[in-house]
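Number of protein chains: 2
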Amino acid sequence: MHSVFEFLIALASILFFAKIFGEIALKLRQSAIIGELLAGVFIGHSILGIIHETPILTSISEVGAVILLFEAGLSTDIKEFLKVGGWATSVAFIGVIVPYFFGYLVFLYFGLSSAQAIFAGAVLTATSVGITARIFTDLKKLETKEAKIVLGAAVIDDVIGLAILAVVLKLVQGGTVTFRTVASVSGSAVLFLVLSVAAGTLIAPTLFKFISKMKQKHIILVMGIVFCFAVSAFATKVGLASIVGSFIAGLILSTTNQSEEIKRDVKPIYSFFVPMFFVLMGTNVNISVFNFFVAVNREILILIAVLFVVAFTTKVVAGFAVLKKGINKLLIGVSMVPRGEVGLIFAEVGFKNNVFNSNEYSALIAVIILTTFITPVVLKCLLLKQNENG
Amino acid sequence: MHSVFEFLIALASILFFAKIFGEIALKLRQSAIIGELLAGVFIGHSILGIIHETPILTSISEVGAVILLFEAGLSTDIKEFLKVGGWATSVAFIGVIVPYFFGYLVFLYFGLSSAQAIFAGAVLTATSVGITARIFTDLKKLETKEAKIVLGAAVIDDVIGLAILAVVLKLVQGGTVTFRTVASVSGSAVLFLVLSVAAGTLIAPTLFKFISKMKQKHIILVMGIVFCFAVSAFATKVGLASIVGSFIAGLILSTTNQSEEIKRDVKPIYSFFVPMFFVLMGTNVNISVFNFFVAVNREILILIAVLFVVAFTTKVVAGFAVLKKGINKLLIGVSMVPRGEVGLIFAEVGFKNNVFNSNEYSALIAVIILTTFITPVVLKCLLLKQNENG
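If you read the sequences in order, they're chains C and L.
Just so we're aligned, residue 996 is where the first sequence starts under the numbering used here, counting upward by one.
Just so we're aligned, residue 996 is where the second sequence starts under the numbering used here, counting upward by one.
Rendered as structure tokens:
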């Protein structure tokens, strides 16, 4: 019965520290995700050492990542998003290409391998929908044109990011980087996406109308999760990450009449599984890397500083892709800076596939955390200045 | 990535078949739990063979059992229950002692060992609160005196049953059965129960009042689960089953002002984890045991028949422990017949601890299923007859 004790205590500790650190983060007007990551750093091997990753905890945190992207897919309003689609798409594409390119160069300059640079560039592309939306909500600016463009671009960023992840993952697992492999992998990813969204949006509304006639409690929620797990599983069969599948599953279900019910009822499950994911991610961070007094770390710290500057400025540049007058381009650019979940998932996948060692992984996590820490502060200054001028 | 595929497909299949079979069970006016068990039999090694128990699935189903009893504890209204406490207690005690004694004798008669008989007797003691409540709700008789006595007795049954489980588990794991071990184990179980309920009801309301001031979504739910897992874990440290701990945790939290919120929000988590528990339980059932044409199985089938008669009549006897006039004693007795969750958990614990082999385990599950199948039919006849007379 000893292992039952350890298992239950591990789950209890992860959730407890996630919520305590998450609460502190909120008090400091930061995202709760940052708190959960730091909770992981605190209880992981770097400091307390009470949580060690086990196959069971890894599986549970995998479910967390799947549920996280499922919810993101469910929350994507395809129609609303098409309204600002043009400018959002420009911002998104520039906001993926520029950070990717400069991130790749920085990594090569610091002596990392080409495969590592390909992966690390990808980490810098994603914009966090959650964090971005939260900042605009907090500052009561969610109804502005700038907010809509930013949120639209963040969603497209997610989709592009997940497609890049598919390609990059295949390259890293396969070995060689040729135009042929890139084309075939991205082709199969796009094919899976298009086919499953097309088939899904045709079948899902009828399927879930039928399911909604069943009598069991939470039947729609559970069948929604079944659908999500099934699509995620089959995504891995065509070489995509499971989270790409769950995002697609969420997108498909967002078109059903039952989407509101699924979104509401999945939240308790979300608040159980998702912190597991971020906390366990934090436990893999090696804080000794950040000790400036150890000579060998200085290069890593300089890498973090340079990467942060690149991560910040390249997304700001993307804001200027909006050529329309009367739009605050700087505001849009700065809003795109926080990397958040998808970036973290990239780093995690790279770490799990041995692309990054513990030091490089920790550096990437640090850069992602920095982008998320600093953006709200800068945004607030910008918005105050805009109010003064306007 | 192959294992991610298998893991997600396993979760999806378990939930899918649980809901399909659960729905069929409801259509046949049976409990959804029966459907979930049969779903397990269907997808387990006996028939389809698509689900094999792995350490990860076992852990997830363990969380299911813990959440199941947590919810049962949360739903226990201690005050309501004290009103009919006297008669309910008599019914409960007679309804534990008589089935236990006769169950024990039947097992010995069929040539099983003393340890097996001690455990199997325990399987016959518990009354399912869930199934019992559901029958009365369906027949719109929840407000009758009989219903209140039955529900009160079912709760006490659970508590006595869990205490018996603690003792029996220790005996089976320890080996020798002496008065001293029985006394020390039941003593420590009762001490843990009394101390944790006393300390818990003192501390929990203040603790959760504080937690309710925190800002994160579902913070009360998650902290409630943290509390549940922590108490469950420490219960295993004093030799109790984890589910005893989670039942106690639920009881404690039922006294807080936040109990309604926890009860409401835990339901989606319940509907995710609890079916995992019943389905996996079903996968361990070996249906070849029920093939009457194989000579060696006939004894098992006769055992099932005899056990069923004992299981039925001994609980009916308990109804007559109510000595008050104007109370339908037969109705109370019959209502106590369904064994359900706690009985199933006993059988499962016995199987996992190698007390029962696969055949004996399957026989016990069959008896539990039979009690749950037949009771609603008999009850309906009784209630119709009562309406004619009254």
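Think of the CB as a built atom: it goes at the ideal place given N, C-alpha and C, for glycine as much as any other residue.
Asked	Found
Helix, strand or coil for M1209 of chain C per DSSP?	coil
Thinking C-alpha only, which one of L:V1269, L:C1376, L:V1154, L:L1318 is nearest S1181 of chain L?	L:V1154
Along chain L, in chain order, which residues have C-beta atoms closer than 7 Å to that of S1237 of chain C?	V999, L1003
For I1220 of chain C, which residues in chain L fall below 9 Å Cβ to Cβ?	L1006, A1007, L1010, F1267
In chain C, which residues lie less than 8 Å from P1050 of chain L when you measure between Cβ atoms?	P1050, I1051
With a CB to CB cut of under 7 Å and the five nearest residues on each side skipped, what residues in its chain are close to V1163 of chain C?	I1113, F1114, A1117
With 8 Å as the threshold, decide whether the Cβ of V1180 of chain L is near any Cβ in chain C.	no
For Q1253 of chain L and S1207 of chain L, what's the separation of their Cα atoms in angstroms?	8 Å
Check whether the Cβ of L1119 of chain L lies closer than 8 Å to any Cβ atom in chain C.	no
Name the residues in the region 1204-1232 of chain C whose C-beta lies less than 7 Å from a C-beta of chain L; which are they?	M1209, K1210, Q1211, K1212, H1213, I1214, L1216, V1217, M1218, I1220, V1221, F1224, A1225, S1227, A1228, T1231, K1232
Can you list, in chain order, the residues of its chain with a C-beta nearer than 6 Å to that of V1274 of chain C? Leave out the 5 residues immediately preceding and following it.	I1009, A1013, E1031, A1034, G1035
Check A1005 of chain C in the structure and name its three-state DSSP category.	helix
Say whether the region 1058-1066 of chain C touches the region 1288-1296 of chain C, bearing in mind that this needs 3 or more beta-carbon pairs closer than 8 Å, one atom from each stretch.	no
Does the beta carbon of S1353 of chain C come closer than 8 Å to any beta carbon on chain L?	no
Can the beta-carbon of T1278 of chain C be found closer than 8 Å to that of G1106 of chain C?	no
What ranges does the alpha helix (DSSP H) occupy inside the region 1323-1381 of chain L, keeping only unbroken runs of at least 4 residues that lie completely in it?	1324-1330, 1335-1347
For the region 1013-1028 of chain C, which residues have a CB atom closer than 7 Å to at least one CB atom of chain L, in sequence order?	K1014, G1017, E1018, L1021, A1027
Can you tell which of C:S1109, C:A1361, C:F1341, C:K1319 has its C-alpha closest to the C-alpha of I1144 of chain C?	C:K1319
Compute the Euclidean distance between the alpha carbons of Q1168 of chain L and Q1111 of chain C, then round it to the nearest angstrom.	52 Å
Which of the residues in the region 1334-1348 of chain C, read from start to end, lie with their CB under 9 Å from any CB of chain L?	none
Grab me the residues of I1029 of chain L's own chain with a C-beta within less than 8 Å of its C-beta, minus the 5 sequence neighbours each way, in chain order.	A1020, I1364, T1367, F1368
Please confirm whether any heavy atom of the ligand ATP lies closer than 7 Å to the CB of E1383 of chain C.	No copy of the ligand ATP appears in this structure; indeed no ligand is present at all.
Tell me whether the beta-carbon of I1151 of chain L lies closer than 8 Å to the beta-carbon of A1083 of chain L.	yes
Excluding sequence positions up to five away, which residues of its chain have a Cβ less than 6 Å from the Cβ of F1351 of chain C?	G1345
Is it the case that the Cβ atoms of L1003 of chain C and A1161 of chain L are separated by a distance below 8 Å?	no
With distance defined between alpha-carbon atoms, name the residue in L:G1234, L:A1236, L:I1198, L:M1209 nearest to F1222 of chain L.	L:I1198
By the three-class DSSP mapping on this structure, what secondary structure does G1039 of chain C have?	coil
Any idea what DSSP makes of H997 of chain C, helix, strand or coil?	Residue placement at H997 of chain C cannot be trusted, given a pLDDT of 46 that sits under 50; the coordinates are not used to answer.
Between the region 1249-1261 of chain L and chain C, which residues of the former have a C-beta closer than 8 Å to a C-beta of the latter?	D1260, V1261
Relative to the alpha-carbon of V1317 of chain C, which residue among C:P1050, C:T1308, C:I1327 has its alpha-carbon at the smallest distance?	C:I1327
Which residues in chain C sit within 7 Å of P1200 of chain L, going by Cβ to Cβ distance?	Within chain C, no residue comes near P1200 of chain L; the closest Cβ sits about 19 Å away, beyond 7 Å.
Which residues in chain C sit within 7 Å of I1264 of chain L, going by Cβ to Cβ distance?	P1263, I1264, F1267
When we look at the beta-carbon of N1323 of chain C and count the other beta-carbons within 10 Å, is it buried (16 or more) or exposed?	buried
Applying the criterion that 16 or more other CB atoms from any shown protein chain within 10 Å of the CB defines a buried residue, is G1081 of chain L buried or exposed?	exposed
Counting only beta-carbon separations shorter than 8 Å, does P1371 of chain C have a partner in chain L?	no
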